[in-house]
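To start, the structure under review is shown below, and the notes come after it.
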Amino acid sequence: MLERAPIYEALNQYAQANNLRLHMPGHIGGQAMPVEWGGLACLDLTEVAGMDDLHLPQGIIEKSRRLLAQAAGARESFFLVNGASCGVQAMLMSMAGDGEQIIIPRNAHRSFYAGMVLSGAWPVYLPGEIHAELGEILSVSCAEVQKALAQNPASQALFITSPSYYGTCSDISTIVQVAADYGKQVLVDEAHGGHFPFHSGYPPTALSQGAVAAVNGLHKTWPVLNPGAALHIGRGFFERERLYQAVSLLTTTSPSYPLLASIETARLFMEEQGYEYLEKARSLAVEYRIKINRIKGVHCYGEELIDNRNIIGLDPLKIIISTRQLSLSGYQLSRILREKYRIQLELESQHMVVAMFSLLHQREDWERLYIALEEIASVYAGNGKKLSRHETLPGTKTILSPRQAFLAAKEDVSLEDSLGRIAGEMIAVYPPGIPCLVPGELISPEILEYLQYLKNSPVRIQGVQDARLEKIKVVTQV
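So, in C-alpha coordinates, the structure goes:
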(Lines of atoms letter the chains of each structure in order from A and count residues from 1; the text may use other names and numbers.)
(Lines give C-alpha, C1' and ligand atoms only; values in the text may rest on other atoms or scores of the structure.)
Protein backbone atom coordinates (compact mmCIF):
# COMPACT_ATOMS: atom_id res chain seq x y z
CA MET A 1 0.00 0.00 0.00
CA LEU A 2 3.00 2.30 0.55
CA GLU A 3 3.35 3.27 -3.10
CA ARG A 4 -0.37 3.88 -3.56
CA ALA A 5 -0.98 5.71 -0.26
CA PRO A 6 2.31 7.37 0.73
CA ILE A 7 0.81 9.94 3.14
CA TYR A 8 -1.20 7.36 5.07
CA GLU A 9 1.75 4.99 5.30
CA ALA A 10 4.11 7.73 6.49
CA LEU A 11 1.67 8.78 9.22
CA ASN A 12 1.30 5.19 10.39
CA GLN A 13 5.05 4.69 10.49
CA TYR A 14 5.51 7.84 12.56
CA ALA A 15 2.76 6.80 15.00
CA GLN A 16 4.30 3.35 15.45
CA ALA A 17 7.80 4.78 16.04
CA ASN A 18 6.73 6.07 19.48
CA ASN A 19 8.58 9.37 19.06
CA LEU A 20 8.72 11.89 21.87
CA ARG A 21 6.62 14.60 20.23
CA LEU A 22 8.26 17.90 21.03
CA HIS A 23 6.33 19.63 18.25
CA MET A 24 2.82 20.69 17.34
CA PRO A 25 -0.03 19.88 17.79
CA GLY A 26 -0.40 20.33 21.52
CA HIS A 27 -2.36 17.11 22.11
CA ILE A 28 0.94 15.23 21.35
CA GLY A 29 -0.77 12.25 19.78
CA GLY A 30 -4.24 12.43 21.31
CA GLN A 31 -3.64 12.98 25.01
CA ALA A 32 -6.39 14.72 27.00
CA MET A 33 -8.79 13.95 24.15
CA PRO A 34 -11.84 11.66 24.14
CA VAL A 35 -10.75 8.02 23.89
CA GLU A 36 -12.79 7.60 20.71
CA TRP A 37 -10.52 10.11 18.95
CA GLY A 38 -7.29 8.33 19.77
CA GLY A 39 -6.80 6.39 16.55
CA LEU A 40 -7.22 9.52 14.46
CA ALA A 41 -5.41 11.91 16.79
CA CYS A 42 -2.21 9.86 16.81
CA LEU A 43 -1.98 10.52 13.04
CA ASP A 44 -2.51 14.25 13.48
CA LEU A 45 0.95 15.62 12.74
CA THR A 46 2.66 18.73 11.45
CA GLU A 47 5.42 19.21 8.87
CA VAL A 48 8.08 17.20 10.72
CA ALA A 49 10.83 15.37 8.82
CA GLY A 50 9.39 13.01 6.23
CA MET A 51 5.91 14.54 6.25
CA ASP A 52 6.49 16.91 3.29
CA ASP A 53 4.81 20.34 3.02
CA LEU A 54 1.45 20.97 1.35
CA HIS A 55 2.63 24.45 0.29
CA LEU A 56 5.82 23.11 -1.33
CA PRO A 57 5.23 19.41 -1.97
CA GLN A 58 8.31 17.41 -2.93
CA GLY A 59 7.88 14.08 -1.14
CA ILE A 60 4.88 12.03 -0.04
CA ILE A 61 2.35 14.79 -0.76
CA GLU A 62 3.74 15.32 -4.25
CA LYS A 63 3.54 11.57 -4.94
CA SER A 64 -0.04 11.49 -3.71
CA ARG A 65 -0.97 14.55 -5.80
CA ARG A 66 0.21 12.74 -8.92
CA LEU A 67 -1.83 9.67 -8.04
CA LEU A 68 -4.90 11.85 -7.49
CA ALA A 69 -4.43 13.56 -10.86
CA GLN A 70 -4.11 10.20 -12.57
CA ALA A 71 -7.35 8.98 -10.99
CA ALA A 72 -9.21 12.17 -11.95
CA GLY A 73 -7.92 12.31 -15.52
CA ALA A 74 -6.18 15.61 -14.77
CA ARG A 75 -2.86 17.08 -15.80
CA GLU A 76 -2.32 18.17 -12.21
CA SER A 77 -4.31 18.09 -8.97
CA PHE A 78 -4.20 20.10 -5.76
CA PHE A 79 -5.32 18.89 -2.34
CA LEU A 80 -7.82 21.29 -0.76
CA VAL A 81 -8.13 21.19 3.02
CA ASN A 82 -10.49 24.20 3.12
CA GLY A 83 -13.18 22.52 1.03
CA ALA A 84 -14.26 23.01 -2.57
CA SER A 85 -14.97 26.66 -1.72
CA CYS A 86 -11.22 27.28 -1.56
CA GLY A 87 -10.80 25.81 -5.04
CA VAL A 88 -13.61 27.91 -6.50
CA GLN A 89 -12.09 31.06 -5.04
CA ALA A 90 -8.62 30.14 -6.29
CA MET A 91 -9.90 29.47 -9.83
CA LEU A 92 -11.61 32.83 -9.88
CA MET A 93 -8.58 34.69 -8.50
CA SER A 94 -6.36 33.06 -11.11
CA MET A 95 -8.50 34.25 -14.00
CA ALA A 96 -9.68 37.77 -13.12
CA GLY A 97 -8.38 40.81 -11.30
CA ASP A 98 -9.86 44.01 -9.94
CA GLY A 99 -12.60 45.33 -12.23
CA GLU A 100 -12.29 42.51 -14.76
CA GLN A 101 -15.39 40.64 -15.84
CA ILE A 102 -16.19 36.98 -15.32
CA ILE A 103 -19.26 35.15 -16.54
CA ILE A 104 -20.96 32.96 -13.94
CA PRO A 105 -24.41 31.40 -13.42
CA ARG A 106 -26.68 33.39 -11.12
CA ASN A 107 -27.22 30.23 -9.09
CA ALA A 108 -23.50 29.82 -8.35
CA HIS A 109 -22.43 28.83 -4.86
CA ARG A 110 -21.65 31.61 -2.38
CA SER A 111 -17.93 30.77 -2.63
CA PHE A 112 -17.91 32.45 -6.06
CA TYR A 113 -18.94 35.70 -4.44
CA ALA A 114 -16.25 35.39 -1.80
CA GLY A 115 -13.82 34.92 -4.69
CA MET A 116 -15.09 38.12 -6.29
CA VAL A 117 -14.56 40.02 -3.04
CA LEU A 118 -10.99 38.73 -2.90
CA SER A 119 -10.20 39.33 -6.57
CA GLY A 120 -12.27 42.43 -7.31
CA ALA A 121 -13.86 40.72 -10.31
CA TRP A 122 -17.14 42.02 -11.70
CA PRO A 123 -19.89 39.44 -12.37
CA VAL A 124 -21.77 38.98 -15.61
CA TYR A 125 -24.63 36.63 -14.84
CA LEU A 126 -26.10 33.78 -16.81
CA PRO A 127 -29.73 34.01 -15.63
CA GLY A 128 -30.62 30.35 -16.04
CA GLU A 129 -34.00 28.83 -16.79
CA ILE A 130 -36.17 28.07 -13.77
CA HIS A 131 -37.68 24.59 -13.86
CA ALA A 132 -41.46 24.96 -13.97
CA GLU A 133 -42.16 22.38 -11.25
CA LEU A 134 -39.10 22.51 -9.03
CA GLY A 135 -38.67 26.28 -9.11
CA GLU A 136 -34.89 25.91 -9.33
CA ILE A 137 -32.24 26.60 -11.96
CA LEU A 138 -30.97 23.17 -12.98
CA SER A 139 -28.55 23.95 -15.81
CA VAL A 140 -26.84 26.53 -18.00
CA SER A 141 -27.95 26.79 -21.62
CA CYS A 142 -25.57 27.17 -24.54
CA ALA A 143 -27.74 29.98 -25.90
CA GLU A 144 -27.28 31.97 -22.68
CA VAL A 145 -23.54 31.39 -22.82
CA GLN A 146 -23.27 32.56 -26.42
CA LYS A 147 -25.31 35.68 -25.70
CA ALA A 148 -23.22 36.57 -22.64
CA LEU A 149 -19.94 36.06 -24.48
CA ALA A 150 -21.09 38.12 -27.46
CA GLN A 151 -22.22 40.99 -25.23
CA ASN A 152 -19.16 40.89 -22.96
CA PRO A 153 -16.09 40.33 -25.14
CA ALA A 154 -13.79 41.65 -22.39
CA SER A 155 -14.78 38.90 -19.96
CA GLN A 156 -11.83 36.86 -18.71
CA ALA A 157 -13.39 33.42 -18.37
CA LEU A 158 -16.60 31.44 -18.09
CA PHE A 159 -17.49 29.58 -14.90
CA ILE A 160 -20.12 26.84 -14.79
CA THR A 161 -21.66 24.83 -11.94
CA SER A 162 -22.24 21.23 -13.01
CA PRO A 163 -23.64 19.06 -11.60
CA SER A 164 -26.14 21.25 -9.79
CA TYR A 165 -27.04 20.60 -6.18
CA TYR A 166 -29.86 18.49 -7.60
CA GLY A 167 -27.57 16.28 -9.69
CA THR A 168 -28.40 17.76 -13.10
CA CYS A 169 -25.49 18.22 -15.51
CA SER A 170 -25.09 20.95 -18.13
CA ASP A 171 -23.77 20.32 -21.64
CA ILE A 172 -20.20 21.35 -20.85
CA SER A 173 -18.80 19.93 -24.08
CA THR A 174 -20.93 22.24 -26.25
CA ILE A 175 -20.42 25.17 -23.87
CA VAL A 176 -16.65 24.68 -24.20
CA GLN A 177 -16.97 24.81 -27.99
CA VAL A 178 -19.02 28.00 -27.82
CA ALA A 179 -16.54 29.61 -25.42
CA ALA A 180 -13.62 28.62 -27.64
CA ASP A 181 -15.18 30.56 -30.52
CA TYR A 182 -14.75 33.66 -28.35
CA GLY A 183 -11.30 32.71 -27.09
CA LYS A 184 -12.51 31.97 -23.56
CA GLN A 185 -11.81 29.07 -21.24
CA VAL A 186 -14.36 27.19 -19.14
CA LEU A 187 -13.79 26.37 -15.47
CA VAL A 188 -16.27 24.23 -13.55
CA ASP A 189 -17.52 23.97 -10.00
CA GLU A 190 -17.95 20.20 -10.06
CA ALA A 191 -18.20 19.89 -6.28
CA HIS A 192 -20.86 17.18 -6.42
CA GLY A 193 -19.26 15.15 -9.21
CA GLY A 194 -16.11 13.68 -7.69
CA HIS A 195 -17.35 10.12 -8.26
CA PHE A 196 -18.01 10.54 -11.98
CA PRO A 197 -14.58 9.31 -13.23
CA PHE A 198 -15.07 5.83 -11.81
CA HIS A 199 -18.15 4.61 -13.71
CA SER A 200 -19.15 5.30 -17.31
CA GLY A 201 -22.83 5.01 -16.36
CA TYR A 202 -22.57 8.30 -14.49
CA PRO A 203 -22.30 11.68 -16.25
CA PRO A 204 -18.95 12.54 -17.90
CA THR A 205 -16.48 14.69 -15.98
CA ALA A 206 -15.92 18.35 -16.71
CA LEU A 207 -12.29 17.78 -17.72
CA SER A 208 -13.26 15.01 -20.15
CA GLN A 209 -15.58 17.52 -21.86
CA GLY A 210 -12.89 20.15 -22.35
CA ALA A 211 -13.03 22.28 -19.20
CA VAL A 212 -9.55 23.52 -18.26
CA ALA A 213 -10.10 23.28 -14.50
CA ALA A 214 -12.62 21.74 -12.12
CA VAL A 215 -13.17 21.52 -8.38
CA ASN A 216 -14.45 18.41 -6.59
CA GLY A 217 -15.83 18.45 -3.05
CA LEU A 218 -14.57 14.92 -2.45
CA HIS A 219 -16.14 14.73 1.01
CA LYS A 220 -19.55 14.97 -0.66
CA THR A 221 -19.34 11.71 -2.61
CA TRP A 222 -16.15 9.87 -1.55
CA PRO A 223 -15.45 8.29 1.86
CA VAL A 224 -13.48 11.40 2.88
CA LEU A 225 -13.46 13.52 6.04
CA ASN A 226 -15.11 16.95 5.84
CA PRO A 227 -14.08 19.22 4.11
CA GLY A 228 -11.63 17.30 1.90
CA ALA A 229 -11.64 18.46 -1.72
CA ALA A 230 -9.49 18.71 -4.83
CA LEU A 231 -8.77 21.14 -7.64
CA HIS A 232 -7.90 19.59 -11.00
CA ILE A 233 -6.19 21.23 -13.98
CA GLY A 234 -6.82 19.94 -17.47
CA ARG A 235 -5.18 20.52 -20.82
CA GLY A 236 -4.80 24.10 -22.02
CA PHE A 237 -4.98 25.85 -18.66
CA PHE A 238 -2.54 28.77 -18.96
CA GLU A 239 -2.65 30.36 -15.48
CA ARG A 240 -1.04 27.54 -13.50
CA GLU A 241 1.41 29.71 -11.52
CA ARG A 242 -1.24 32.24 -10.58
CA LEU A 243 -3.56 29.41 -9.56
CA TYR A 244 -0.84 27.80 -7.45
CA GLN A 245 -0.27 31.09 -5.65
CA ALA A 246 -4.00 31.57 -5.07
CA VAL A 247 -4.41 28.07 -3.62
CA SER A 248 -1.47 28.63 -1.28
CA LEU A 249 -2.77 32.06 -0.29
CA LEU A 250 -6.16 30.63 0.66
CA THR A 251 -4.89 27.48 2.39
CA THR A 252 -4.04 27.21 6.07
CA THR A 253 -0.35 26.72 6.90
CA SER A 254 -1.45 24.03 9.36
CA PRO A 255 -3.24 21.53 7.11
CA SER A 256 -4.82 18.43 8.60
CA TYR A 257 -2.77 15.35 7.80
CA PRO A 258 -5.62 12.97 8.70
CA LEU A 259 -7.71 14.88 6.17
CA LEU A 260 -5.03 14.49 3.49
CA ALA A 261 -4.71 10.80 4.31
CA SER A 262 -8.48 10.34 4.08
CA ILE A 263 -8.46 11.79 0.55
CA GLU A 264 -5.63 9.46 -0.35
CA THR A 265 -7.17 6.27 1.06
CA ALA A 266 -10.53 7.19 -0.49
CA ARG A 267 -8.85 7.66 -3.87
CA LEU A 268 -7.35 4.19 -3.54
CA PHE A 269 -10.76 2.79 -2.59
CA MET A 270 -12.42 4.46 -5.57
CA GLU A 271 -9.77 3.13 -7.94
CA GLU A 272 -10.01 -0.42 -6.64
CA GLN A 273 -13.68 -0.76 -5.70
CA GLY A 274 -15.43 2.38 -6.91
CA TYR A 275 -16.92 0.83 -10.03
CA GLU A 276 -18.41 -2.07 -8.09
CA TYR A 277 -19.98 0.17 -5.45
CA LEU A 278 -21.20 2.74 -7.97
CA GLU A 279 -22.80 0.02 -10.09
CA LYS A 280 -24.66 -1.36 -7.09
CA ALA A 281 -25.73 2.14 -6.02
CA ARG A 282 -26.96 2.97 -9.53
CA SER A 283 -29.03 -0.22 -9.67
CA LEU A 284 -30.60 0.55 -6.31
CA ALA A 285 -31.37 4.10 -7.46
CA VAL A 286 -33.18 2.83 -10.55
CA GLU A 287 -35.13 0.26 -8.54
CA TYR A 288 -36.20 2.61 -5.78
CA ARG A 289 -37.10 5.50 -8.07
CA ILE A 290 -39.64 3.14 -9.61
CA LYS A 291 -40.89 2.00 -6.20
CA ILE A 292 -41.16 5.53 -4.80
CA ASN A 293 -43.06 6.70 -7.89
CA ARG A 294 -45.65 3.99 -7.22
CA ILE A 295 -46.52 5.67 -3.92
CA LYS A 296 -49.68 7.72 -4.41
CA GLY A 297 -48.96 11.42 -3.99
CA VAL A 298 -45.17 11.11 -4.23
CA HIS A 299 -43.07 11.85 -7.28
CA CYS A 300 -39.36 11.11 -7.55
CA TYR A 301 -37.68 12.91 -10.45
CA GLY A 302 -35.37 10.98 -12.73
CA GLU A 303 -34.43 10.71 -16.38
CA GLU A 304 -37.31 12.96 -17.43
CA LEU A 305 -35.16 15.90 -16.30
CA ILE A 306 -32.71 15.17 -19.12
CA ASP A 307 -33.88 17.24 -22.07
CA ASN A 308 -30.83 16.67 -24.33
CA ARG A 309 -30.67 20.43 -24.80
CA ASN A 310 -29.50 22.00 -21.56
CA ILE A 311 -29.42 19.01 -19.20
CA ILE A 312 -27.44 16.10 -20.62
CA GLY A 313 -27.01 13.95 -17.51
CA LEU A 314 -28.26 13.21 -14.01
CA ASP A 315 -26.46 11.84 -10.98
CA PRO A 316 -28.68 8.87 -10.05
CA LEU A 317 -27.77 9.18 -6.37
CA LYS A 318 -29.51 12.55 -5.97
CA ILE A 319 -33.11 11.67 -5.12
CA ILE A 320 -35.44 14.64 -5.69
CA ILE A 321 -38.89 14.06 -4.19
CA SER A 322 -41.80 16.39 -4.89
CA THR A 323 -44.37 17.05 -2.15
CA ARG A 324 -46.88 18.84 -4.40
CA GLN A 325 -49.42 16.02 -4.22
CA LEU A 326 -49.16 15.78 -0.43
CA SER A 327 -50.72 18.01 2.21
CA LEU A 328 -47.20 18.66 3.47
CA SER A 329 -44.49 21.09 2.51
CA GLY A 330 -40.97 19.88 1.91
CA TYR A 331 -40.01 21.38 5.27
CA GLN A 332 -42.74 19.43 7.05
CA LEU A 333 -41.86 16.18 5.29
CA SER A 334 -38.22 16.60 6.23
CA ARG A 335 -39.12 17.22 9.87
CA ILE A 336 -41.34 14.12 10.05
CA LEU A 337 -38.64 11.97 8.47
CA ARG A 338 -36.11 13.30 10.94
CA GLU A 339 -38.16 13.18 14.12
CA LYS A 340 -40.26 10.06 13.59
CA TYR A 341 -38.11 7.91 11.31
CA ARG A 342 -34.60 9.17 12.20
CA ILE A 343 -33.88 9.93 8.55
CA GLN A 344 -31.91 13.13 7.92
CA LEU A 345 -32.19 14.58 4.42
CA GLU A 346 -29.71 16.80 2.61
CA LEU A 347 -32.10 19.58 1.57
CA GLU A 348 -35.68 20.69 1.85
CA SER A 349 -37.70 23.49 0.28
CA GLN A 350 -41.35 24.43 0.04
CA HIS A 351 -42.33 21.75 -2.47
CA MET A 352 -39.51 19.20 -2.50
CA VAL A 353 -36.80 17.42 -0.57
CA VAL A 354 -33.47 15.99 -1.70
CA ALA A 355 -32.04 12.75 -0.34
CA MET A 356 -28.35 12.42 -1.11
CA PHE A 357 -27.37 8.76 -1.27
CA SER A 358 -23.77 7.63 -1.12
CA LEU A 359 -22.24 4.75 -3.03
CA LEU A 360 -21.86 3.16 0.43
CA HIS A 361 -25.56 3.06 1.32
CA GLN A 362 -27.06 -0.43 1.35
CA ARG A 363 -30.41 -1.79 0.21
CA GLU A 364 -31.83 -1.54 3.73
CA ASP A 365 -31.13 2.21 3.70
CA TRP A 366 -33.08 2.73 0.49
CA GLU A 367 -35.86 0.51 1.81
CA ARG A 368 -36.01 2.50 5.04
CA LEU A 369 -36.67 5.73 3.15
CA TYR A 370 -39.20 4.02 0.89
CA ILE A 371 -41.22 2.58 3.79
CA ALA A 372 -41.21 5.93 5.58
CA LEU A 373 -42.46 7.77 2.48
CA GLU A 374 -45.14 5.15 1.94
CA GLU A 375 -46.43 5.54 5.50
CA ILE A 376 -46.32 9.34 5.41
CA ALA A 377 -48.10 9.56 2.04
CA SER A 378 -50.95 7.38 3.34
CA VAL A 379 -51.58 9.90 6.12
CA TYR A 380 -50.93 13.20 4.33
CA ALA A 381 -52.69 12.90 0.98
CA GLY A 382 -53.19 16.18 -0.90
CA ASN A 383 -54.71 17.68 -4.02
CA GLY A 384 -51.69 19.28 -5.65
CA LYS A 385 -50.01 22.64 -5.14
CA LYS A 386 -48.75 25.14 -7.69
CA LEU A 387 -45.48 27.01 -7.50
CA SER A 388 -45.94 30.55 -6.21
CA ARG A 389 -44.04 33.36 -7.88
CA HIS A 390 -42.71 34.24 -4.41
CA GLU A 391 -40.81 30.94 -4.33
CA THR A 392 -38.56 31.56 -7.33
CA LEU A 393 -35.38 33.62 -7.35
CA PRO A 394 -36.03 36.99 -9.03
CA GLY A 395 -33.61 38.75 -11.33
CA THR A 396 -31.05 41.15 -9.90
CA LYS A 397 -29.15 44.27 -10.94
CA THR A 398 -25.49 44.80 -10.02
CA ILE A 399 -24.63 48.38 -9.00
CA LEU A 400 -21.27 47.78 -7.29
CA SER A 401 -18.88 44.87 -7.56
CA PRO A 402 -18.95 42.49 -4.57
CA ARG A 403 -15.54 43.84 -3.55
CA GLN A 404 -16.66 47.48 -3.76
CA ALA A 405 -19.71 46.71 -1.65
CA PHE A 406 -17.65 44.72 0.85
CA LEU A 407 -15.27 47.63 1.39
CA ALA A 408 -17.98 50.33 1.43
CA ALA A 409 -19.40 51.90 4.58
CA LYS A 410 -22.63 50.19 5.66
CA GLU A 411 -25.58 50.69 7.92
CA ASP A 412 -28.36 48.51 9.31
CA VAL A 413 -31.91 49.15 8.15
CA SER A 414 -35.14 47.26 8.63
CA LEU A 415 -36.03 44.87 5.84
CA GLU A 416 -38.99 47.06 4.88
CA ASP A 417 -36.75 50.14 4.58
CA SER A 418 -34.19 48.42 2.36
CA LEU A 419 -36.15 48.96 -0.86
CA GLY A 420 -34.06 50.79 -3.44
CA ARG A 421 -30.85 50.44 -1.42
CA ILE A 422 -27.66 48.58 -2.37
CA ALA A 423 -27.08 45.34 -0.49
CA GLY A 424 -24.13 45.37 1.88
CA GLU A 425 -24.20 41.69 2.83
CA MET A 426 -24.98 38.34 1.27
CA ILE A 427 -28.21 36.47 1.84
CA ALA A 428 -28.05 32.79 0.95
CA VAL A 429 -30.36 29.93 1.87
CA TYR A 430 -28.25 27.00 3.06
CA PRO A 431 -28.26 24.38 1.80
CA PRO A 432 -27.62 24.76 -1.11
CA GLY A 433 -25.74 28.02 -0.40
CA ILE A 434 -26.90 29.91 -3.49
CA PRO A 435 -27.23 33.66 -2.76
CA CYS A 436 -30.51 35.37 -3.51
CA LEU A 437 -28.84 38.71 -2.80
CA VAL A 438 -25.18 39.61 -3.23
CA PRO A 439 -23.32 42.66 -1.88
CA GLY A 440 -23.52 45.39 -4.51
CA GLU A 441 -26.93 44.41 -5.88
CA LEU A 442 -30.00 46.64 -5.93
CA ILE A 443 -32.82 45.66 -3.58
CA SER A 444 -35.72 45.87 -6.02
CA PRO A 445 -39.42 45.37 -5.17
CA GLU A 446 -39.14 41.79 -6.46
CA ILE A 447 -36.08 41.09 -4.32
CA LEU A 448 -37.73 42.62 -1.25
CA GLU A 449 -40.82 40.49 -1.79
CA TYR A 450 -38.65 37.38 -2.06
CA LEU A 451 -36.75 38.29 1.12
CA GLN A 452 -40.04 38.75 2.96
CA TYR A 453 -41.05 35.28 1.76
CA LEU A 454 -37.78 33.86 3.13
CA LYS A 455 -38.28 35.71 6.41
CA ASN A 456 -41.55 33.84 6.93
CA SER A 457 -40.18 30.46 5.81
CA PRO A 458 -38.41 27.85 7.99
CA VAL A 459 -35.13 28.20 6.08
CA ARG A 460 -31.56 28.51 7.33
CA ILE A 461 -29.84 31.65 6.06
CA GLN A 462 -26.12 32.33 5.80
CA GLY A 463 -24.14 35.47 5.10
CA VAL A 464 -26.14 37.87 7.26
CA GLN A 465 -25.68 39.02 10.82
CA ASP A 466 -29.42 38.91 11.49
CA ALA A 467 -30.61 35.51 10.27
CA ARG A 468 -34.20 36.48 11.15
CA LEU A 469 -34.01 39.22 8.49
CA GLU A 470 -35.47 41.84 10.78
CA LYS A 471 -32.58 44.06 9.67
CA ILE A 472 -30.07 43.86 6.83
CA LYS A 473 -26.93 45.76 5.99
CA VAL A 474 -26.99 48.17 3.07
CA VAL A 475 -24.34 50.42 1.59
CA THR A 476 -24.40 53.85 3.22
CA GLN A 477 -25.76 56.51 0.92
CA VAL A 478 -23.33 59.32 0.11
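Each residue of the sequence shown is one higher than the one before, starting from 1 at the first, in the UniProt record's numbering.
Note that beta-carbon positions come from the ideal geometry of N, C-alpha and C, so glycine has one too.
What you are looking at is a predicted structure, and each value in this text was computed from that prediction instead of being measured.
Within the same chain, show all residues whose beta-carbon is closer than 8 Å to that of residue i, passing over the 5 residues directly before and after it, in chain order.
i, result
"His361", "Ala281, Leu284"
"Ala154", "Glu100, Gln101"
"Leu167", "Here residue 167 turns out to be Gly, not Leu, going by the sequence shown. Result list for Gly167: His192, Leu314, Asp315, Pro316, Leu317, Lys318, Ile320, in chain order."
Please state whether DSSP places residue i in a helix, a strand or coil.
i, result
"Phe237", "coil"
"Ser173", "helix"
"Phe357", "coil"
"Gln344", "coil"
"Asp98", "coil"
"Thr398", "strand"
"Lys471", "strand"
"Pro197", "helix"
"Pro316", "coil"
"Ser322", "strand"
"Tyr380", "coil"
"His219", "helix"
"Ser155", "coil"
"Gln146", "helix"
"Asp53", "coil"
"Val117", "helix"
"Pro258", "helix"
"Cys86", "helix"
"Thr476", "coil"
Considering only residues of the same chain and omitting the five flanking positions on each side of residue i, which have a CB-CB separation below 7 Å?
i, result
"Gly87", "Leu80, Val215, Ala229, Leu231"
"Gly73", "Pro197, Thr205, Leu207, Ser208"
"Ser334", "Leu345, Glu348, Val353"
"Gln146", "Val178"
"Arg289", "Cys300, Gly302"
"Tyr370", "Tyr288, Lys291, Ile292"
"Tyr202", "His195, Phe196, Leu278, Asp315"
When you compare the CB positions of residue i and residue j, do they come within less than 8 Å of one another, or not?
i, j, result
"Gly395", "Met426", "no"
"Leu67", "Arg110", "no"
"Leu54", "Pro258", "no"
"His219", "Leu278", "no"
"Gly440", "Ala467", "no"
"Ala261", "Gly234", "no"
"Ile336", "Ile376", "yes"
"Gly420", "Ile443", "yes"
"Val459", "Val429", "yes"
"Leu393", "Gln452", "no"
"Pro57", "Asp44", "no"
"Ala71", "Glu271", "yes"
"Pro402", "Val35", "no"
Whose C-beta lies closer than 6 Å to the C-beta of residue i among residues of the same chain, with five residues either side of it excluded?
i, result
"Ala96", "Ile102, Ser119, Ala121, Gln156"
"Lys455", "Leu469"
"Ser64", "Pro6, Ile7, Glu264"
"Gly433", "His109, Arg110"
"Leu326", "Gly297, Tyr380, Gly382"
"Ser139", "Thr168, Ser170, Asn310, Ile311"
"Asn18", "none"
"Ala213", "Met91, Leu187, Ile233, Phe237"
"Gly59", "Asp52"
"Gly274", "Phe198"
"Glu267", "Correcting the residue type first, residue 267 is Arg in the shown sequence and not Glu. Result list for Arg267: Leu68, Ala71, in chain order."
What does the Cβ neighbour count give for residue i, buried or exposed, with the cut at 16 atoms within 10 Å?
i, result
"Met93", "buried"
"Gln89", "buried"
"His23", "exposed"
"Asp181", "exposed"
"Ser31", "Just to set this straight, residue 31 is Gln in the shown sequence, not Ser. Looking at its Cβ environment, which holds fewer than 16 other Cβ atoms inside 10 Å, Gln31 is exposed."
"Trp222", "buried"
"Asn107", "buried"
"Phe238", "exposed"
"Thr253", "exposed"
"Asn310", "buried"
"Thr323", "buried"
"Lys184", "buried"
"Val48", "exposed"
"Ala246", "buried"
"Asp98", "exposed"
Assuming residue i and residue j form a contact by the criterion Cβ under 8 Å, report the distance between their Cβ atoms to the nearest whole angstrom.
i, j, result
"Leu359", "Cys169", "The Cβ separation is near 17 Å, so there is no contact."
"Ala423", "Val438", "7 Å"
"Ser141", "Glu133", "At roughly 18 Å, the Cβ-Cβ gap does not stay under 8 Å, so Ser141 and Glu133 are not in contact."
"Cys300", "Ile319", "6 Å"
"Val124", "Ile160", "With a Cβ gap of about 13 Å, Val124 and Ile160 do not count as contacting."
"Gly330", "Glu348", "4 Å"
"Tyr14", "Pro435", "Not quite, the Cβ-Cβ distance comes to about 43 Å (not below 8 Å), so this is no contact."
"Ile137", "Pro105", "7 Å"
"Asn82", "Leu250", "6 Å"
"Ile374", "Ile295", "The amino acid at residue 374 is misidentified as Ile; the sequence shows Glu. Yes, Glu374 and Ile295 are in contact; Cβ-Cβ is about 5 Å, under 8 Å."
"Ala10", "Gly38", "Actually they are not in contact, since the Cβ atoms of Ala10 and Gly38 sit about 19 Å apart, beyond 8 Å."
"Gly29", "His351", "Contact flag wrong, Cβ pair sits at about 51 Å."
"Ile472", "Ser418", "6 Å"
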